[in-house]
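If you read the protein sequences in the order shown, they are chains A and B. Here my numbering is used: the first sequence runs in plain steps of one and ends on residue 1000. Here my numbering is used: the second sequence runs in plain steps of one and ends on residue 10620.
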Amino acid sequence: MKINIQRYIYLFLLVLLVIYPGFAQKTMLTGTVNDKTGKPVVNALVTIKEQPGVKVFTDTEGKFSISGVKGQLVEVTTRDQRHKSQRIETDQIVMVMNQNDALIQVGYGMEQRQEDVTSAIGIVRAGELTKSSARNPANALYGQIPGLTVLENGGASWTANPNLFIRGIGTTQNTAILILVDGFERPVSTLSVDEIESIEVLKDAGALAMYGLRGANGVLSVTTKRGTGKGLSVNANYDRGMTKAFRLPEFLDAYGYAKAVNQARANDGLTDLYSQPELDRYQSGSSPYLYPNVDWKKASFRDFGHSDKLNLTLQQQANAFRYLLYLNFDNEAGILGPVKETGPKTTQFNNRTVNMRLNAEIDITKTTKFSVKLAGNLGEGTRPATGAEGDIFSDIYNTPAAAYPVKTYHGIWGGTQTYANNNPVAEIGGIGYTSEGRRMFMTDFVLGQNLDKVLKGLSVEAGLSYDNSFSYRDVRSNGYQYEQLTPILDPITMAVTDTIENTYGTNSATTFASSLTSYYHRATFFGNLKYSSSWGDNELKSILFVQQEEYKGDGQFTTYRRLLSAGNLHYGKAGKYFVDATLAWGGTDLLPAAERYGFFPAVSVGWKLGKEEWLIGSKILNDLKLRASWGMTGNDQVTQNISDNRWQGSTGYYFGANNTGATGNAEGRLASFPLSFETSYKSNIGVDAGIFNLLDLSLDVFYDKREGILTTTDGLYSQVLGVALPYSSTGVTSNKGFDLGLNLHQSFKDFSYHAGAQLSYAKNKIIEQNEVYRPYDYLKRTGKSIGQAFGLQAIGFFNDAADIVASPKQTYMAVSPGDIKYKDQNNDGFIDDYDQVQIGYATNTPEIYYSGTLGMEYKGFGFDCVFQGISNYTVYLNTPSIFIPLRSNTNISTFSNNSWTPATASMATLPRLSMTENLNNYRSNSVWLVDGSYLKLRTAEIYYNFPEQMLSRFKLKTAQLYVRGINLFSIDNIKVVDPESIGSSYPTMSSYNLGIKIGF
Amino acid sequence: MKPNNIVIILLIAASLSLVCGCEKLPLGGNFLTKAPGVDVTIDTIFNKMEYAERYLTGAYDYMRYGLVVNGNAADETSRAQPDPWTAIMGRDIMASITDEIQSYLPDGGAWTIWYSGLYDANTESRGQQNGNYPPGASSRYNFTQEYSWAAIRICYNFIQNVDRVPDGDAAYKKKLKGEAYGIIACMYTDMFRNFGGLPWINHAYTITEITGQMPRLTAQATCDSIVKLCDKAIADLPFAYQGADLVNYDGRLTGGSMMGLKTRALLFNASPLFNASAPYLDGIGAQQKLAWHGGYDAERWKKAMDAAHDLIVKGEATGDYKIYKKAGNSFRQDFQEAYYLRGNGEQLISTRKFFRSPTSATPANYIFYRDGNSGAGTGDITLDLVDAYPMLNGKPISDPTSGYNPNDPFLNRDWRLKETVTVNGDAWQGRTAEMWIGGRERLTEAGKKAATGFFLRKFLLEANSATALNSIICWPYLRMAEIYLSYAEASNEYKGAPDAEAYRCVNIVRNRVGLPDLAAGMTKVQFREAVITERQCEFAIEEVRWYDMARWKRDTDFTKKLRGLNIYRSASAPYTYNYKQFLLPTRYWQVNWSPKYYLLAFPNDEILKGYGLIQNPGWE
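(1) For a contact meaning CB atoms closer than 7 Å, what does W10593/B contact in chain A?
(2) For the segment 305 to 358 of chain A, which segments carrying the beta strand (DSSP E) assignment without a break, of at least 3 residues, lie completely within its bounds, in sequence order?
(3) Name, please, each residue of chain A whose Cβ falls closer than 8 Å to the Cβ of S10116/B.
(4) Taking any Cβ of chain B, which residues in the segment 657 to 677 of chain A have a Cβ under 9 Å from it, in chain order?
(5) Is the CB of W10149/B under 8 Å away from at least one CB in chain A?
(6) With a 10 Å radius around its C-beta and 16 neighbouring C-beta atoms as the bar for buried, classify N10592/B as buried or exposed.
(7) Along the chain, where does the beta strand (DSSP E) containing W10475/B start, and where does it finish?
(8) Looking at chain A, is there any beta carbon in it that lies within less than 8 Å of the beta carbon of E10124/B?
(9) With K10177/B as the anchor, note down where its beta strand (DSSP E) starts and where it stops.
(10) Compare the C-beta of A24/A with all C-beta atoms of chain B and state if any pair is closer than 8 Å.
(11) Enumerated in chain order, which unbroken segments of the beta strand (DSSP E) with a length of 3 residues or greater are wholly contained in the segment 599 to 682 of chain A?
(12) Indicate the three-state DSSP secondary structure (helix, strand or coil) for N10424/B in the structure shown.
(13) According to DSSP, is I998/A helix, strand or coil?
(14) Anything in the segment 633 to 652 of chain A with a Cβ closer than 9 Å to a Cβ of chain B? List those residues in chain order, please.
(15) Select from the segment 407 to 427 of chain A all residues with a C-beta closer than 9 Å to any C-beta belonging to chain E, and list them in chain order.
(16) Taking the DSSP output, what are the residues bridged to S734/A?
(17) Which of the three DSSP states, helix, strand or coil, is assigned to K530/A?
(18) Alpha carbon to alpha carbon, how far is L10583/B from K10561/B? Give it in angstroms, no decimals.
(19) Output, in chain order, the set of chain A residues within a Cβ distance shorter than 9 Å of N10616/B.
(20) Considering only C-alpha positions, which residue in the set A245/A, E278/A, Q788/A and Q173/A is nearest to Y255/A?
(21) On the criterion of 16 or more Cβ atoms from any shown chain inside 10 Å, does Y776/A qualify as buried, or is it exposed?
(22) For Q1015/A, go through chain B and note every residue whose CB falls closer than 7 Å to its CB, in chain order.
(23) CB-CB under 6 Å to S449/A, same chain, minus the five flanking residues each way: which ones, in chain order?
(24) In the DSSP output, which residue or residues are listed as bridge partners for H410/A?
(25) When burial is assigned at 16 or more other CB atoms within 10 Å of the CB, is L792/A buried or exposed?
(26) Buried or exposed: where does I795/A fall if 16 or more other Cβ atoms within 10 Å of its Cβ makes it buried?
(27) Sorted by chain position, which residues of the same chain lie with C-beta nearer than 7 Å to D10120/B's C-beta, five sequence neighbours on each side aside?
(28) Taking the straight line between their C-alpha atoms, what separation do you get for Q10615/B and N10604/B?
(29) For the segment 438 to 506 of chain A, list the alpha helix (DSSP H) runs that are entirely contained and at least 4 residues long, ordered along the chain.
(30) I need the straight-line Cα distance from Q548/A to A574/A, nearest angstrom please.
(31) Ends of the alpha helix (DSSP H) at S10257/B?
(32) Along chain A, in chain order, which residues have C-beta atoms closer than 7 Å to that of R10342/B?
(33) What are the residues in the segment 10244 to 10257 of chain B lying within 8 Å of chain A by C-beta distance?
(34) By DSSP, does S10277/B sit in helix, in strand, or in coil?
(35) Using a C-beta cutoff of 8 Å, does D704/A count as contacting chain B?
(36) Please confirm whether A581/A and G527/A have their CB atoms less than 8 Å apart.
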């Protein structure tokens, strides 16, 4: 779709021309807005529903005066998006804004007060989010919303996206959740934390059915801030952080490594590689070039990285014009040590990002509203010119301390042919840099028209969104020469008699390579019709909308188009009984014409018991609401073009006396049959309660069933067919669990505190996946969790040859003493793949995700912290060097300290060291599949809010100084590295931040 | 009109022009209509002869090839399905489960499932699992992983569609269809000899057809169907190619190929495994005559005899197919060229594969059976095979008058021995082979490279990793010598004693390598044994021995203790050699023999799909 920019400009100019006319005055009313604790709510917007265009704001005492007539509806919207309306009965209006008066974005521009919501929606607001100094807002979400699982990955903070799951996972196929920013699908990682007003997580059918073919995995909806409050307000924030690797693995020194190699070789039946004099030289460091002892981590890392973050927000709500202007600058530098700086370019892991946003709303007429959101994300990152981001860490971790010196006595990079040109220090500072640039531009235009003149309560909206993103890579690299020093030893005395010096590689000139690493654009067009009405104590809200969306990436099969139409009806009676009914109809071009459309109904009900007379005034239950929902939603994320039987080239053959090559053609996989999107049937029952005016509780119990999951059919059809068997949308899974949220908060005169706990449990099960034949029930994946870990069950280590002979035969290789002894599950006398059993839990998501928060404030001094943990989760420790030692000339870490040796046989927890692949030990089994649960302190913060009297002298409204620590500690089972990042990648970071926030 | 209204109208007009102006934005269902793709479909393939032929070429690529051409296990795990010709026997070769070779590859098919006794219907299924190296591919002919069914589908798809190709003349299409029928017959013959009666596929099935019943045909009906396919192909194909055609078309199936294949299928069908008064093992597969004919019928031998003789007569008359000999060649050279060269009139069906460069398995890669210092030990020949070769005077070494000297065992032996096996003292890489313990071919007694005291020479010749990588070696899928020997065998069985033609057909094979004629006046049993031994020597490592052992139910060959030879050299020159036999590791079936091993088990996962596949006896 080609967009003509001139048209936008034309439209824009028209909007700017409009001058909003004044409005006639009525009787003056006065009122006060307070929160539950009696504190005034400042700068809240007060309007009268029957008089669109009338706007006043509360003053510093929460007071306002507005002209209106009795019987009209006064509406108050606070700056933190709480909303309440009240009928005018006297001249004096008193309104109390509660927590559940908060407005919830339920999707497609619809808002509902939390109190009226009938579906399961979790929410986190700016206040909590900004307690994180994270670059990527997804990293500010740990433990913030019940039902949202956030799993950190390794990788530099600006390239790593945490894995997000809503209520675990419910499919064996694509588990990606739908992430919306202001209603349109966008990555959350291109935003920064301070531009976000709220993040909603939609969990049940009542909330998700509207999303048609996209709702089944859950929706995370981000709403950016908009201009609120009277007069210009400016907020600025500067945050300086020191970052430090959360945990780095410890590797053995040269002496320890050489001893381990000798031990491994002895275990393999080989002679020692290092003689005692050589070991001594490694230990003493007397010969640093021939017998080096290099701490590659020390040589490659510096202790701290740093980050700078600067935010500036300007916002204003004038009569006809509201805007928010946001600027963010981020600068982060990584922890590599011996980097090379060439002008502005460095081989450090470095990142600079600028985020800009203009959110503006203009009342063109008193019934016409135009809103525009323009946002840009510009970034550039640099790193050493190694192939992938993690390569440099593999080099650092995999190179033993004894391998070679950083540089030889000729000043040439050290290296050997075995380790080729992987000298970590050379790779960091000697081969050039890779720089990656990112550009993203997001635009939304929405035009809304109130059609009260046609039908009271009717309005229409139409909008357009267009995003464009691309990133490119610029690599400037050069080769380098390295020298291998090989000592010649006297065979008797082992004294060094000579040294062979060989150089390899060349110091080649810099080469340049640029490439486009990704490109996409997404264009969405939507229109909706809203109607709301109230009569007596009845309230009705409804919406009908259509949307069509195109996404186009680079490469083949990256264009997606989708259609969605949906309607929602929300009915409330007496503020106590609520019903929501939704029907969506969606279509997708990922599926063939006959299968691409689906209907998704849902119904949800809520009963606000707290408003029933017999509960009002209760000392125990000050609030109670019951919710229930049932409905359907879909997931269309299947591979493109599997509905076709495609043909392609294949291996050729050689004909003729001279074997002339002939190319081949082959039939591809058969067309998938039957093929459909996934349908999720979701049921949810929830209760929200307020207890003793102190404790808020929210509990949701859910059961989801997913049908139509794409599976292979190898277990169904005979291979006699002679061609790759089709996929079939016949898989079924279920997922059940609960989300629990508890919040305790109390305020006194100078002191307030809050404490919270969240617990989410989700357990899924594969019900049908056309599983291939497995001869024993314990091998079957069906009936187990998606991603359940399977492996052999270790029952110790072989003691000696007699033990091996007496045990079932292990078929992977000829075993030696010290190898893992497995349990023969089927008692057939052989250990093979049929002896695998389920071990622990799934390796993709934890079943249990929990968190706790604690905060208090006394006279401006405050403290906040967030703990977060997971449980029922299994990880496979298979990272070379860190967990699997020495194999293929890799390194050995302290993790392997407890490996089997003949002397330590009774205490060993790990199998014998070996220089070889060892097919018996290094496979999925209960030694390497371990409990991955942890409890982490995600954030701890101490702050001081300067008192207003002091600030007024500087014409400031607010000022806060804070010290913050992120990822400070973890209690877990893995210990040698971060349990969330066990691979060779940019380590996860702890960070210590000092910041100041001011507002005027 | 109020200014406000004008503004509204203007705005609506502006929005409309914006929306509608976007290059005919398609709305509703049209929005989802995909732009036409560039995907290749079956219609593209059968719109041009060149493409259609390429499709058939893909089927040739699935023809059986007996050597390992890519020894890199890591390559295999990254594939969705194992490469059929690299994963047979899990990087071993089939000779390692006969009495020809003892393998020492610890994770190869021989050790993991055959020597260990782990082979069964579950092992056959296991290739489907996500393991490291798919052990199902360690079978000797996996029902679902050998790509036979893929080749059959290609051929039927080709036959069903080639007539709609606009270009290409009818005669050429007919010839290609003949080749397609021929490939189907090859695939079925291979499967028939491993499984007995088979589900019969007679066209390219759709996914809905495959859900119906596809029971196994009886063994006899399977053989009859194969013969019908061969006859169909013979009618469509030229008997042989000559001259320039031979240069271009060699390697393609011919009428001669198919007459030869027919002989192979009929000989197996007539052999005592199926053609006997009692089944080799009772079971539902035998009762339903899927793995037994239900009785003995001498006419089956006649059919095999006649099929062989038809080809011998026609081959000799036209000169197209014959026992290869070349003037000026030594006996040994003649034998080498007979099994190694393409287009020599000896090769009825030759299959070719590209020896690929392994990406990581260096230097002791598996391809060369003997490369590097230790070698993988996949080509260690047993002393039992070595001892089968007679003396040059034609007498077996067990004959006290043969002149065999146990202290110089390789002197004056059948030339085929040294061409098949690298023996101590034979020419090797510009020197002599040092097979003694401590010699360059066998550094230590425990080393794998020549753990039996021998290693393979056939096919690999003197190649090393540098010269053999990325080359194409022809596999003698079917040679004319087999037809001669098959005729002799079938005729002896049918007529009750060897007649002159039977003798002639054996002797012509013996004479090529300088061996004298067989002794006259043999009994039926003596002649039968002589022919089987001749086949053992002539076709060693050519995937003939297994089927001979199975179809003749030669339990003693399966269960006998196999031997190796330790050679010790004297400490100083002049060197003398001391030869000492030793027993090779025991295989499971040597002590737990069951006739069930003659045929393979159908994988359990296929049986459980419920289309009527009945398991072979002993594997239920």
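Every residue, glycine too, gets a C-beta built ideally from N, C-alpha and C.
With the given structure in hand:
(1) Here the premise fails: no neighbours, minimum Cβ distance about 18 Å.
(2) 305 to 317 and 321 to 333
(3) The answer, in chain order, is K809, T811 and F830.
(4) Taking 9 Å as the Cβ-Cβ cut-off against chain B, the residues of the segment 657 to 677 of chain A that qualify are A657, N658, N659, T660, G661, A662, T663, G664, N665, A666, E667, G668, L670, A671 and F673.
(5) Judged by the 8 Å Cβ criterion, W10149/B is in contact with chain A.
(6) Under this definition N10592/B is an exposed residue.
(7) I10472 to R10479
(8) By the rule that beta-carbons nearer than 8 Å mark a contact, E10124/B does not touch chain A.
(9) K10177/B -> not in any beta strand (DSSP E); alpha helix (DSSP H) instead, spanning A10170 to F10195.
(10) With a pLDDT of only 40 at A24/A, under 50, the local geometry of the prediction cannot be trusted, and the value read off the model is given with reservation. No, A24/A lies away from the interface with chain B (no Cβ there is under 8 Å from its Cβ).
(11) 621 to 635, 647 to 655 and 660 to 667
(12) DSSP places N10424/B outside both helix and strand once states are collapsed to three, so it counts as coil.
(13) strand
(14) From the segment 633 to 652 of chain A, only N641, D644, N645, R646, W647, Q648, G649, S650, T651 and G652 have a Cβ closer than 9 Å to chain B.
(15) In the structure shown, chain E does not exist; the protein chains are A and B.
(16) K705/A and K765/A
(17) strand
(18) 7 Å
(19) Within chain A, no residue comes near N10616/B; the closest Cβ sits about 16 Å away, beyond 9 Å.
(20) E278/A
(21) Flag for Y776/A reads exposed.
(22) With chain A covering 1 to 1000 only, the question about residue 1015/A has no answer from this structure.
(23) Looking at the sequence provided, one finds Gln at residue 449/A rather than Ser. Excluding residues within five positions, the ones whose Cβ falls inside 6 Å are T368 and V460.
(24) Note: H410/A is not bridge-paired with any residue in the DSSP secondary-structure output.
(25) Here L792/A is buried, its C-beta having at least 16 other C-beta atoms within 10 Å.
(26) It is exposed - the Cβ of I795/A has fewer than 16 other Cβ atoms within 10 Å.
(27) Setting aside the 5 residues that flank it on each side, D10120/B is surrounded in the same chain by A10601 and W10619, each with a C-beta closer than 7 Å to its C-beta; the list follows chain order.
(28) Roughly 9 Å separates the two Cα atoms.
(29) none
(30) 37 Å
(31) Start and end: G10255 to A10270.
(32) A657
(33) Listed by position, the residues of the segment 10244 to 10257 of chain B near chain A (Cβ gap below 8 Å) are L10246, V10247, N10248, Y10249, D10250, G10251 and R10252.
(34) coil
(35) no
(36) no
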